[in-house]
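Here's the structure, in C-alpha cells; my notes come after.
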Amino acid sequence: MRNDSRPVIGIPARSVVDTNNGFRYSGIPLTYSNAIERAGGAPILIPLHLSEETLQAIYSRIDALLLAGGVDVHPKEFGEDVEAFCGEIDTARDETELRVTRWALADGHPIFGICRGIQMLNVAAGGSLYQDIPAQLETEQNHSYRSGDPYNLRAHPVEFDPNSRVAKWLGVPTIDVNSLHHQALKNVAPGLRVIARSPDGIVEAVESEDERFLVGVQWHPELLEDDERFGRLFEAFVESAREFRANRA
Ligand code: MN
Numbered sequence: 028m029r030n031d032s033r034p035v036i037g038i039p040a041r042s043v044v045d046t047n048n049g050f051r052y053s054g055i056p057l058t059y060s061n062a063i064e065r066a067g068g069a070p071i072l073i074p075l076h077l078s079e080e081t082l083q084a085i086y087s088r089i090d091a092l093l094l095a096g097g098v099d100v101h102p103k104e105f106g107e108d109v110e111a112f113c114g115e116i117d118t119a120r121d122e123t124e125l126r127v128t129r130w131a132l133a134d135g136h137p138i139f140g141i142c143r144g145i146q147m148l149n150v151a152a153g154g155s156l157y158q159d160i161p162a163q164l165e166t167e168q169n170h171s172y173r174s175g176d177p178y179n180l181r182a183h184p185v186e187f188d189p190n191s192r193v194a195k196w197l198g199v200p201t202i203d204v205n206s207l208h209h210q211a212l213k214n215v216a217p218g219l220r221v222i223a224r225s226p227d228g229i230v231e232a233v234e235s236e237d238e239r240f241l242v243g244v245q246w247h248p249e250l251l252e253d254d255e256r257f258g259r260l261f262e263a264f265v266e267s268a269r270e271f272r273a274n275r276a
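Under the numbering used here, the first residue of the sequence shown carries the number 28, and numbering increases by one thereafter.
Right, dumping it as C-alpha cells:
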C-alpha cells in the first residue's frame with residue numbers, strides 16, 4: 028500500500044532519558060507532531076545518534092523540516108564560549124539539527140523553526156544568539172516560562188512588518204503571543220530578515236528574503252490552538268512542503 032496524500036515533515040528529536048531505568052530515547056513532544064498532522068502533513072521523527080549516511084537516507088525522503096523548541100544551542104556553534112548564564116545543552120541534537128538544517132538550506136526545502144528552532148535556523152545559516160536575555164539585554168519584559176503559568180499565556184504582543192508573509196497569514200499587524208524562551212537572536216543570518224519584534228525590540232520572527240519558505244518564530248504557535256490564526260502558519264508550511272515535493276518530482 029502506498030499513500031502520498033500528505034507531504035512528509037521531518038522533525039529532529041531531542042535527547043530524552045528515562046529516569047526509572049536510564050534508557051536513552053529520541054523524542055518529540057506530541058504538540059508538534061499533532062500540529063503538523065492537523066495542518067495536513069505527515070510528521071516523521073528524525074532520531075539522534077545516527078551516522079551521516081543514515082541521516083542522509085532519512086533526509087532524502089522528507090519534503091520539509093520542522094525545528095522544534097527545546098534547550099540551548101551550544102555557543103561554540105556561533106563562535107562563543109559557554110557563559111555561566113547559558114542553559115542546558117543537548118550536543119547530540121545540535122549535531123543532527125545543524126546537519127539537516129544546512130542540507131535543507133542548501134537544497135531549498137521549506138523550514139519552519141519554533142523557539143529553539145528560530146535560533147537553530149539562525150545559527151545554521153550563520154547568525155548568533157544572546158545566551159540569556161536577562162543577563163545580556165536591557166528589558167523589563169519577562170520572556171521566560173514562569174512555573175505554574177499556562178503555556179498559552181499571552182505574555183507580550185509582537186508587531187509585524189505588514190508586508191511579511193507571516194503577517195498576511197495571520198491577517199493582523201500585531202498579535203499577542205506566549206513567551207517561553209530565555210535566549211534570543213543577536214546577529215541575524217544572511218538570507219533572513221526580521222519581520223516581528225516584541226515592544227522591547229527582541230526579534231520574535233524572521234522569514235527568508237526571497238520567496239522560499241524559511242520562517243522562524245520565537246513564540247510557540249503549537250501551544251496556541253485556542254486561536255485558529257496560529258494554525259495558519261502550520262497550514263502555510265505544509266502547503267509549501269506539498270509544492271516543494273511537486274516541483275522536484
Ligand atoms: Mn518573547
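Each residue gets a CB set at the ideal place from its N, CA and C atoms; glycine is no exception.
All values reported here derive from a predicted model rather than from experimental measurement.
Residue interval of the alpha helix (DSSP H) (run including residue i)
i	result
ILE160	160–163
PHE257	255–275
8 Å Cβ cutoff met for residue i and residue j
i	j	result
ARG120	PRO39	yes
PHE264	ALA66	yes
TYR86	GLU249	no
ASN179	ASN214	no
SER155	HIS208	no
GLN158	GLN210	yes
ALA268	ALA133	no
GLY153	GLY243	no
ARG272	PRO70	no
PRO189	ASP203	no
ALA223	GLU270	no
GLY144	GLY96	yes
ARG41	LEU82	no
GLY218	SER235	yes
THR166	ILE63	no
GLU100	GLN163	The amino acid occupying residue 100 in the given sequence is Val; Glu does not appear at that position. It is not a contact, given that the beta carbons lie outside the stated cut-off.
Per-residue DSSP class, three states only, for residue i
i	result
GLU122	helix
SER60	helix
ALA69	strand
ARG51	strand
PRO200	coil
GLU252	coil
LEU207	coil
GLU104	helix
LEU75	coil
LEU156	strand
VAL193	helix
ASP176	coil
VAL127	helix
ASP99	strand
With 16 other Cβ atoms within 10 Å as the buried cut-off, status of residue i
i	result
ASN149	buried
ALA276	exposed
MET28	exposed
THR123	buried
LEU57	exposed
VAL109	exposed
PRO137	buried
GLU231	buried
ASP237	exposed
ASP117	buried
PHE50	exposed
GLY290	Outside the displayed span of the chain (28 to 276) sits residue 290, for which this structure offers no information.
Residue i, enclosing beta strand (DSSP E) - first and last residue
i	result
TYR86	No beta strand (DSSP E) contains TYR86, which is instead part of the alpha helix (DSSP H) from 79–86.
GLY144	Here GLY144 belongs to no beta strand (DSSP E); instead the alpha helix (DSSP H) covers 143–151.
SER42	41–44
HIS183	183–187
ARG220	219–224
GLY92	In the sequence as displayed, the identity of residue 92 is Leu instead of Gly. 91–94 is the extent of the beta strand (DSSP E) around LEU92.
LEU241	241–244
VAL230	230–235
**Study point:** Sequence-ordered residues whose beta carbon comes within less than 5 Å of a heavy atom of the ligand MN
**Key:** HIS170, SER206
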